[in-house]
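Colleague: These protein sequences, in sequence, are chains G and Z.
The numbers in the first sequence follow the working numbering, run straight up by one, and end at 432.
The numbers in the second sequence follow the working numbering, run straight up by one, and end at 432.
Protein chains: 2
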Amino acid sequence: MNKRQSASRPKRPADCRRIAYALKKKLLIHDIAKHLDVSIATVSLVLNGKAKEKRISDGLAEKVLRYVEEVGYKPNQLAKSLRTGKTHVIGLVVEDIANPFFSAVAGLIEQKALARGYHIIYCSTNDDAAKTRDLLAVFQARHVDGYILALPAGVEEEVRALVRSGKPLVLFDRLLPGLLTNAVVLDGATGMYEATRHLLGQGFTTVALVTARASQLQMTARHQGYAQALREQGLPELVQEIAFPQTPGQILQQMEDFFAAHPACQAVIFATNYLGVYGLEALGRLGRRIPDEMAVVSFDDNDLFRLYSPPITVVAQPMEAIAEESISILLAALQGPGDGAPGRLVQLQLAPQLLVRGSSLRPTS
Amino acid sequence: MNKRQSASRPKRPADCRRIAYALKKKLLIHDIAKHLDVSIATVSLVLNGKAKEKRISDGLAEKVLRYVEEVGYKPNQLAKSLRTGKTHVIGLVVEDIANPFFSAVAGLIEQKALARGYHIIYCSTNDDAAKTRDLLAVFQARHVDGYILALPAGVEEEVRALVRSGKPLVLFDRLLPGLLTNAVVLDGATGMYEATRHLLGQGFTTVALVTARASQLQMTARHQGYAQALREQGLPELVQEIAFPQTPGQILQQMEDFFAAHPACQAVIFATNYLGVYGLEALGRLGRRIPDEMAVVSFDDNDLFRLYSPPITVVAQPMEAIAEESISILLAALQGPGDGAPGRLVQLQLAPQLLVRGSSLRPTS
DNA sequence: CTGAAAGCGCTTACAG
DNA sequence: CTGAAAGCGCTTACAG
């Protein structure tokens with residue numbers, strides 16, 4: 068409210084400043100300059116590391132830095148951003164921050180961004196295109212410097228506009244159909260191919276795939292890997308797609324129905340971590356023993372899969388690498404050519420790792 | 068770079084604007100006003116819902132809104148924030164976003180904040196006071212409107228300064244010693260007391276507690292609940308504190324050593340979710356059967372505990388309520404009295420829920 | 001090195 | 001309703 072009052076009494080800026088100071092309010096660059104008896108420009112240039120360039124003596128520069136440190140002056144980032152056009156904020160969009168895969172990657176990205184002086188604003192899309200459109204607009208209005216995005220299908224136009232606007236962005240986890248941008252994705256087809264081959268190699272001949280909404284490109288890649296492995300052996304596919312949004316109860320029911328309807332099914336692959344979690348719960352309810360009565364593989368690793376009894380075989384994603392590459396590519400683009408030049412396009416495909424555990428091994432009976 | 072060029076050629080603002088427009092750059096309020104042939108003030112007032120107040124005709128207001136919607140004009144939030152002092156951003160500080168408890172609460176807070184027009188900037192402290200000090204300073208420099216904080220010990224002074232600055236804040240998960248602020252915490256003492264009573268009621272007489280760094284206040288509350296339950300029965304405590312930071316391997320080793328050193332121990336309570344996860348892994352390595360050879364209870368619920376075999380008894384936190392109350396209290400303070408008045412202080416203590424599952428039941432042998 | 005000034009894009013009294 | 005203007009707190013040529 069003080070702020071508002073000072074705005075309504077433009078006649079007495081000096082007074083206001085004195086009051087603000089008395090209330091231990093924010094120091095301004097003006098206060099620093101005044102106290103050191105130097106110009107505002109000098110303080111600003113020193114603070115922005117342009118002392119050498121502007122031939123400010125080392126002594127003065129150091130004096131400024133020391134005083135700034137001493138009184139804990141922090142430039143107002145809003146003003147700075149408004150002036151420079153840079154916010155040092157990165158917009159991170161994930162499907163769901165409560166999903167262990169995304170929260171792990173988000174944590175790593177945050178850590179790496181912070182180490183390079185960038186902050187993260189994040190949002191979950193819940194795979195909802197309309198919500199995502201809003202989010203992207205809000206991020207734009209907040210002038211984030213760049214984007215790291217795992218997007219639902221249906222926002223291609225918005226992303227195209229974003230690219231045209233010149234803001235760097237990196238897609239991760241999934242591409243968008245028909246869109247050529249920086250991206251860090253997993254080679255999910257190969258991961259799934261290997262997982263399927265592994266199960267076939269164990270002697271399971273009826274291998275089911277439980278997958279998510281087909282409109283996500285990373286899901287179709289995983290499906291392809293599965294399909295190819297089966298095709299090579301002349302075996303038929305057995306696919307259940309779980310449509311969202313549904314309640315946990317409905318999802319479990321759908322899974323139970325699926326397993327009940329296919330008693331001959333010997334093995335199942337869950338295409339993503341939460342499907343795996345639901346799947347284990349459904350199999351538990353049905354009383355199916357793993358791997359004797361149903362061999363199991365899931366995409367994504369987590370504590371549950373690692374410590375489950377038996378431990379669950381997984382196609383693990385290199386989350387550290389996903390985070391590191393995403394942020395590196397983005398920051399390279401940010402510090403890169405600039406001048407509206409399109410710059411270098413980087414599309415990375417990382418290799419998943421099949422971690423074979425007890426859940427997928429043929430019982431030696 | 069275009070921006071920078073326009074800044075260096077202040078003589079030709081009109082030109083720059085035309086160029087910007089041609090490049091499909093951001094629309095400005097000036098462009099809207101010009102096109103509609105109304106004043107900038109009119110557009111601004113309509114957009115800020117002050118049309119009635121300023122007696123702008125409904126027809127004109129609607130015309131403005133329609134055009135703004137049509138061309139997708141979004142005010143520059145940086146400029147708006149600089150002027151109004153409000154950013155509509157909330158700083159969320161958690162111990163570790165990759166911890167399921169925090170990621171779940173963060174997801175809920177994000178969702179609820181968004182529904183009320185606020186965005187979240189978040190950071191993980193990793194329970195590091197120095198890092199946290201930096202984070203708080205950065206959040207201040209970014210002028211967040213308010214804070215939701217789960218803090219490590221050792222930043223009391225900074226928080227006190229924050230409170231004095233008049234920015235609303237809500238602590239959650241844990242209080243800070245000697246600090247009276249808005250807070251949403253769990254009644255961990257009662258939760259732990261009930262869990263311990265439950266184990267004693269099952270006939271286990273040697274009940275151990277594995278807890279985390281004692282400097283966190285919520286941990287001491289949990290310890291107290293445990294201690295009281297034992298004291299009432301005249302039983303001794305058996306406590307292992309796991310000090311951080313350590314590698315997973317070291318933590319597991321420490322747990323294994325502890326269990327090996329106390330063969331008489333019949334039951335164990337893990338004071339927080341990640342300790343529970345490590346604990347299950349350690350017990351698994353030692354080949355201890357649950358609950359026959361070791362009854363287990365953990366704080367916090369998650370998929371692993373729910374689906375483990377046997378399912379793990381937990382003291383579950385009401386995460387939905389934690390998120391809802393935290394954001395509600397903060398927003399109430401934000402829209403509250405203002406004028407630097409301290410306003411109402413809210414300290415909430417929520418009740419945990421003991422979910423009894425197989426891991427803590429005396430085997431009926 | 002300094003000082004004065006413009007400008008980032010808004011909001012908001014103020015006088016009409 | 002409008003128009004002109006100040007002001008939020010910075011950065012950065014520019015002329016000295």
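By construction, the Cβ of each residue, glycine as well, lies at the ideal position given by its N, Cα and C atoms.
Computed from a predicted structure; not experimentally measured.
For the alpha helix (DSSP H) containing residue 228 of chain Z, list its first residue and its last residue.
Modeller: Position 161 of the second sequence, counting from 1, holds the residue named residue 228 of chain Z. Element bounds for residue 228 of chain Z: 223 to 231.
Colleague: Run through the segment 265 to 337 of chain G for me and flag every whole alpha helix (DSSP H) of 4 or more residues, listed as ranges in chain order.
Modeller: 284 to 299, 315 to 328
Colleague: Checking 8 angstroms against the spacing of the C-beta atoms, do residue 277 of chain Z and residue 335 of chain Z come in under that value?
Modeller: Locating residue 277 of chain Z in the second sequence gives position 210, counting from the first residue. Locating residue 335 of chain Z in the second sequence gives position 268, counting from the first residue. Yes, they are a contact pair.
Colleague: If I follow the unbroken alpha helix (DSSP H) through residue 126 of chain G, where does it start and stop?
Modeller: As a first step, residue 126 of chain G must be located in the first sequence, where it is residue number 59. Taken as a continuous stretch (DSSP letters only), the alpha helix (DSSP H) holding residue 126 of chain G covers 125 to 138.
Colleague: Tell me which residue opens and which closes the beta strand (DSSP E) that residue 10 of chain G is part of.
Modeller: Not covered by the structure: residue 10 of chain G. The range shown for chain G is 68 to 432.
Colleague: To be precise: take each residue of the segment 316 to 344 of chain G, compare its Cβ to all Cβ atoms of chain Z, and keep it if any distance is under 7 angstroms. Which residues remain?
Modeller: 344
Colleague: Taking 8 angstroms as the threshold (C-beta atoms), are residue 160 of chain G and residue 218 of chain G in contact?
Modeller: Within the first sequence, the letter at position 151 stands for residue 218 of chain G. Within the first sequence, the letter at position 93 stands for residue 160 of chain G. Against a cut-off of 8 angstroms, the Cβ pair of residue 160 of chain G and residue 218 of chain G comes out as a contact.
Colleague: At least one CB of chain Z closer than 8 angstroms to the CB of residue 249 of chain G: is that the case?
Modeller: Counting from 1 along the first sequence, the entry for residue 249 of chain G is found at position 182. Residue 249 of chain G does not count as touching chain Z.
Colleague: Sorted by chain position, which residues of the same chain lie with C-beta nearer than 7 angstroms to residue 428 of chain Z's C-beta, five sequence neighbours on each side aside?
Modeller: Taking the first residue of the second sequence as 1, we reach residue 428 of chain Z at position 361. If we look at residue 428 of chain Z and ignore the five residues flanking it on each side, its Cβ neighbours are 269, 358.
Colleague: Residue 239 of chain G bridges to which residues according to DSSP?
Modeller: As a working note, residue 239 of chain G is residue 172 in the first sequence. Its beta-bridge partners are G/251.
Colleague: From G/184, G/210, G/104, pick the residue whose C-alpha is nearest to that of residue 15 of chain G; which is it?
Modeller: This structure cannot speak to residue 15 of chain G, because chain G is shown only from 68 to 432.
Colleague: Per DSSP, what are the beta-bridge partners of residue 420 of chain G in this structure?
Modeller: Residue numbering aside, residue 420 of chain G sits at position 353 when the first sequence is read from its first letter. Answer by DSSP bridge pairing, in chain order: G/383.
Colleague: Which residues in the same chain have their Cβ closer than 6 angstroms to the Cβ of residue 381 of chain G, if we skip the five residues on either side of it in sequence?
Modeller: Position 314 of the first sequence holds residue 381 of chain G. Excluding positions up to five away in sequence, the list reads 365, 368, 372, 422.
Colleague: Could you name the residues of chain Z that residue 144 of chain G contacts, counting a contact when the two beta carbons are closer than 8 angstroms?
Modeller: Stepping through the first sequence from its first residue, residue 144 of chain G is reached at position 77. In chain order: 208, 209, 210.
Colleague: Would you check whether the ligand HEM has a heavy atom nearer than 7 angstroms to the C-beta of residue 399 of chain G?
Modeller: No copy of the ligand HEM occurs in the structure displayed, which carries no ligand at all.
Colleague: Using 10 angstroms around the beta-carbon of residue 108 of chain G, count the other beta-carbons present and answer buried if the total reaches 16, otherwise exposed.
Modeller: Position 41 of the first sequence, counted from the first residue, corresponds to residue 108 of chain G. By the 10 Å Cβ count, residue 108 of chain G comes out exposed.
Colleague: State yes or no: is the beta carbon of residue 430 of chain Z nearer than 8 angstroms to at least one beta carbon in chain G?
Modeller: Here residue 430 of chain Z refers to the residue found at position 363 of the second sequence. No, residue 430 of chain Z lies away from the interface with chain G (no Cβ there is under 8 angstroms from its Cβ).
Colleague: Taking only beta-carbon positions, decide if residue 164 of chain Z is within less than 8 angstroms of chain G.
Modeller: Residue 164 of chain Z sits at position 97 when you count from the first residue of the second sequence. Interface residue, yes.
Colleague: Can you tell me whether residue 315 of chain Z is buried or exposed? The criterion is at least 16 other CB atoms within 10 Å of its CB, across all chains shown.
Modeller: Taking the first residue of the second sequence as 1, we reach residue 315 of chain Z at position 248. Exposed, because fewer than 16 other Cβ atoms sit within 10 Å of the Cβ of residue 315 of chain Z.
Colleague: Starting from residue 365 of chain G and walking both ways along the beta strand (DSSP E), at which residues does that stretch end?
Modeller: Counting from one through the first sequence, the residue named residue 365 of chain G turns up at place 298. Here the beta strand (DSSP E) through residue 365 of chain G covers 362 to 366.
Colleague: Pick out the complete beta strand (DSSP E) segments inside the segment 196 to 222 of chain Z, 3 residues or longer, and give them in chain order.
Modeller: 213 to 216
Colleague: If the cut is a Cβ gap below 8 angstroms, which residues of chain Z does residue 177 of chain G touch?
Modeller: Position 110 of the first sequence holds residue 177 of chain G. Within 8 angstroms Cβ-Cβ: 164, 189, 190, 191.
Colleague: Where do the N-terminal and C-terminal ends of the alpha helix (DSSP H) with residue 94 of chain Z fall, by residue?
Modeller: Residue numbering aside, residue 94 of chain Z sits at position 27 when the second sequence is read from its first letter. Unbroken run through residue 94 of chain Z: none, as it is neither H nor E.
Colleague: Tell me whether residue 431 of chain Z is buried or exposed, calling it buried when 16 or more other Cβ atoms sit within 10 Å of its Cβ.
Modeller: Locating residue 431 of chain Z in the second sequence gives position 364, where the first residue counts as 1. Residue 431 of chain Z comes out exposed.
Colleague: So for residue 102 of chain Z, helix, strand or coil by DSSP?
Modeller: Reading the second sequence from its first residue, position 35 is the one you call residue 102 of chain Z. If DSSP states are grouped into helix, strand and coil, residue 102 of chain Z belongs with the helices.
Colleague: First and last residue of the beta strand (DSSP E) that includes residue 191 of chain Z?
Modeller: What you label residue 191 of chain Z is simply residue 124 of the second sequence in a count that begins at 1. Counting along the chain, the beta strand (DSSP E) containing residue 191 of chain Z begins and ends at 186 to 191.
Colleague: Would residue 368 of chain G pass as an interface residue toward chain Z - the criterion being a Cβ-Cβ separation below 8 angstroms?
Modeller: Walking along the first sequence from the start, residue 368 of chain G turns up at place 301. Not one chain Z Cβ lies under 8 angstroms of residue 368 of chain G.
Colleague: Can you name the residues of chain Z whose CB is closer than 9 angstroms to the CB of residue 167 of chain G?
Modeller: Indexing the first sequence from 1 puts residue 167 of chain G at position 100. 165, 167, 170, 370, listed in chain order.
Colleague: For residue 162 of chain G, I'd like the list of residues in its chain whose CB is within less than 8 angstroms of its CB, leaving aside the five on either flank, ordered along the chain.
Modeller: Residue 162 of chain G sits at position 95 when you count from the first residue of the first sequence. Taken in chain order, the residues that qualify are 169, 191, 192, 193, 194, 217, 219, 240.
Colleague: State the DSSP-derived secondary structure class of residue 246 of chain G, mapped to helix, strand or coil.
Modeller: Mapped onto the first sequence, residue 246 of chain G falls at position 179. Note: residue 246 of chain G maps to coil in three-state DSSP.
Colleague: Please confirm whether residue 189 of chain Z and residue 187 of chain G have their CB atoms less than 8 angstroms apart.
Modeller: Working through the second sequence from its first residue, we reach residue 189 of chain Z at position 122. Working through the first sequence from its first residue, we reach residue 187 of chain G at position 120. In contact: residue 189 of chain Z and residue 187 of chain G (Cβ atoms closer than 8 angstroms).
Colleague: Considering only DSSP beta bridges, list what residue 158 of chain G is partnered with.
Modeller: Here residue 158 of chain G corresponds to residue number 91 of the first sequence, with the count starting at 1. The partner list for residue 158 of chain G (beta bridge, DSSP) reads G/188, G/214.
Colleague: Let's test the definition: count the other Cβ atoms within 10 Å of the Cβ of residue 330 of chain G and tell me whether it reaches 16, buried, or not, exposed.
Modeller: Along the first sequence, one-based indexing puts residue 330 of chain G at 263. By the 10 Å Cβ count, residue 330 of chain G comes out exposed.
Colleague: Does residue 121 of chain G come out as helix, strand or coil in the three-state DSSP assignment?
Modeller: Numbered from 1 along the first sequence, position 54 holds the residue referred to as residue 121 of chain G. Note: residue 121 of chain G maps to coil in three-state DSSP.
Colleague: Measuring alpha carbon to alpha carbon, tell me which residue in Z/346, Z/390, Z/304 is nearest residue 215 of chain Z.
Modeller: As a first step, residue 215 of chain Z is located in the second sequence; it is residue number 148 there, counting from the start. Considering only alpha carbons, the answer is Z/390.
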